[in-house]
Structure formats: structure tokens, C-alpha cells
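In full-length UniProt numbering, the protein residues as written are 1 to 404.
Encoded as C-alpha cells, the structure appears first; notes follow it.
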């Protein structure tokens, strides 16, 4: 984690990225980041205008034990369940971060200044439970700039519609396929229509669709490496960018161009009169997995107006240091993107099988991280430091996990 002083270093590339219409969100949160002033410094000096969290991020943060001892002690004295303890800690962090970002939320009219918190990943295949959890999280955080993260599973789609229909802003997460992305946008439109029918002011509802990037390359590159031909190796590192660029094309087809000169679909056109907001594409998992690739690859090559790029801190720092922002690197590449994915398919690598596997693995990984966090907090709540009656930290996993 960078210090407040280090955050004042030149961040010209981040400024240029922001000027190109890309909102920079930080893909990380912890109690230490809040209390040290680090998050506030990133907002003030590095163009960070939002924060995303996920179960892995909280597993790493709370698993470290740093900054949570006093709250854990109070929770242990109260005899709360482990699920309640985890929710009290995570929502406290999100609430504090939302307060730090409130000036951004106000100045952007609610577009940015957002902090996301995810529903219990164990509910990913249960629509009704996801809806109930989303309502509970919105109530617990109790900040207008919170976004509730709902995974883009089949069961998640009706939950997205219902939660949006209640006027709650949603970050749809774990999107890998273009077909599923279109279903997510449709679910958002249906939610807006429900909200309008209930008399809710649509201008207060915001949403982003988190399209995961690096995991696509990591999976497809494995198959290309096994094939080992010159043709196969030449396609490494291209599938994820192609997938994301075609997602942006689908976004334009649904919502129209950012400048408004190109109309979207009929449903969206009807909603614009009620001051509805577009559901922006968010590039997630933007830290490269292959060290052979430039560490800012998924930032430099995914610049397009009206998008969000949520970055782990290492990627944020790398972009500030040596990112190359040259303008829109998305909208002119649709034909090449289609050709790249077609070339991958022609080699016998099934796009459908890859994205389906990634969705299933993504849900499973977050569920494992959440269970690991519950197990660690259980041990901490059940352990008392000799002579203090307070929970210790020996039950907490200090190594953390990959936030992406």
C-alpha cells in the first residue's frame, strides 16, 4: 500500500485516462486503507473516484487482522454469530469509504463516488435470497452512494431486475460472455421499467456491468500454449481485449453512443425521457496474470468514453508511472476483435466452454474466499487473549488471496 506522501507522485497518465471519459475505481478496501488516510489521498491525487470490493478482498483485509481487533472484541462480547460479525465489519468499511467518496458522488451527480459491496457469494444461484440480501446490505450500509454487487448468473438476472426495480443501484459482477452481458443489460432495462412503474425517480438509479478481462486471457492462453503452433502463439494476449471491445460494441447498440448521436434500442429510448442512466461497462480483473505482458495492458488498451476501470493498487501505480494513454483504443477495433475470437474458435478452442467455465470458477472462488473468512473470524471470536477476554488474531489467515 502506498503512503499518503507517495500518492502525490505524478499521475499524468491517470489524469489523461480520466479526461478520456474513463472513471478510475480502486479494486481494494481495508480498514487500514481508510484509517491511514490512504484512500482519501488516492481520491485527492490519483483520480480515484470509486471503490469496488469482493469476497476475496475482504478475506485478505480482515484476514490480516490489522485494524479490526477492537471491533472483533466488541462483537465477541456481544456473542454475535460469525455471519453477523463479518457483515458488521464489511459494511462498516464500505460505509466509511462511502463517506470519504461522498464529495465525488455529489459533484458527479451520483455517477461516481460509488463503493460496491457484494451479496453473499453462496447465494449466487438463489434469486430470492440474493434479492433479500441486497436489500439488507443497502439498509445496513445506509449510504446513497453504495452499489450492491450481484453476480451475473442465471439466478442473478431476475435478482438484478428486482433490485434495480426497488431503486437500489447495482454493480453486476462476474460477466465473461457477450451473450450473458446482453442478458444483463436486458435485466437492467427491465428493472428500470419496474422502478418507473413504481414511481421511483430513475435519475437516482445507477448501475455498472463488470466485464472480467484478464481471466479470459489466462484461460485461453493456456490452450494456445498447449497447441504451440506459430498461429496459436500469435493469438496469446488478444482474446480478452477482443471480448471486452465487443462488449463495448454491444453497450453502444443497447444504449447508444456516449455522445448521444446514435440512438439505442426502443426500450432505452423510452427510458431516456424519464432521465434514466446508462449502465456503464466496467473493466474488472485488469491486473495482468502473465508477467510477459505489460502490466498496464488492460488499461492502455481499453480506453473508451463512458467506461469504468477498476484497478488493483499495483495496476493503479503502474498506470500512474508508465501507462500510455493515447485516446480511444476500443471503438475502432471491432472488426479485429471479431477476427481474433474467430481465429481462437478456428483452432478448436470453444469460446462458450471457456466463458462458462470462468463463470462457474468465479462464483466458486468467491464462495471459497467467503467461507475462509467466516472460518477465520469464527476462530478469532472463539479465542481469547489470556487475561483480556478479547479475541486474538491467531485464527486469522494473514496471507490473503488474489483479489481478482
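Think of the CB as a built atom: it goes at the ideal place given N, C-alpha and C, for glycine as much as any other residue.
Every value quoted in this text rests on a predicted model; they were computed, and no experiment measured them.
For secondary structure counted as the alpha helix (DSSP H) over 4 or more consecutive residues, the stretch 172-233 holds these complete runs in sequence order: 178-197 and 214-227.
One thing to note: residue 158 has its Cβ no nearer than 8 Å to the Cβ of residue 366. As the crow flies, the alpha-carbon of residue 142 is around 20 Å from that of residue 195. DSSP lists no bridge partner for residue 54.
Between residue 153 and residue 124, the beta carbon gap of about 5 Å places them in contact (Cβ cut-off 8 Å). Distance check between residue 314 and each of 329, 289, 327 and 335 places 289 closest, using alpha-carbon atoms only. Counting other Cβ atoms within 10 Å of its Cβ, residue 107 stays below 16 and is therefore classed as exposed. Cα atoms of residue 223 and residue 349: separation of roughly 7 Å, rounded to the nearest angstrom. Closest by C-alpha distance to residue 242, out of 230, 220 and 227, is 220. For residue 329, the CB contacts under 6 Å within the same chain, skipping 5 residues up- and downstream, are 301 and 303 in chain order. Here the alpha carbon of residue 102 sits roughly 15 Å from the alpha carbon of residue 23. The alpha carbon of residue 327 has as its nearest neighbour, out of 20, 299 and 12, the alpha carbon of 20. Membership of residue 149 in the beta strand (DSSP E) is indicated by the continuous run 146-151.
For residue 250, same chain residues with a beta-carbon under 8 Å away, outside a window of 5 residues either side, are 178, 181, 182 and 185 in chain order.
Under the Cβ criterion (8 Å, minimum of three pairs), the stretch 193-213 counts as touching the stretch 162-179. Secondary structure note for residue 281: it is in no alpha helix (DSSP H), and the uninterrupted beta strand (DSSP E) holding it is 280-284.
The straight-line gap separating the alpha-carbon atoms of residue 30 and residue 257 is approximately 36 Å. Cβ neighbours of residue 189 within its own chain (closer than 6 Å, five residues either side excluded): 267.
Within the model, the alpha-carbon separation for residue 331 versus residue 294 is close to 21 Å. The C-alpha of residue 310 is placed about 20 Å away from the C-alpha of residue 291. The residue from 92, 83 and 206 with its alpha-carbon nearest to that of residue 371 is 83. From the listed residues 273, 297 and 306, the smallest Cα separation to residue 279 is found for 306. In its chain, beyond the 5 residues on either side, 191, 194 and 195 have a beta carbon closer than 6 Å to the beta carbon of residue 165.
Distance from residue 53 to residue 94 at the Cβ level is roughly 7 Å; contact confirmed, criterion being Cβ atoms closer than 8 Å.
Boundaries cannot be given for residue 238, as no beta strand (DSSP E) includes it and DSSP labels it neither H nor E. Taking C-alpha positions only, residue 92 is separated from residue 357 by approximately 34 Å. Less than 8 Å separates the beta-carbon of residue 49 from that of residue 112. Annotation for residue 149: 116, 118, 171 and 173 place their beta carbon closer than 6 Å to its own, counting only its chain and skipping 5 residues before and after.
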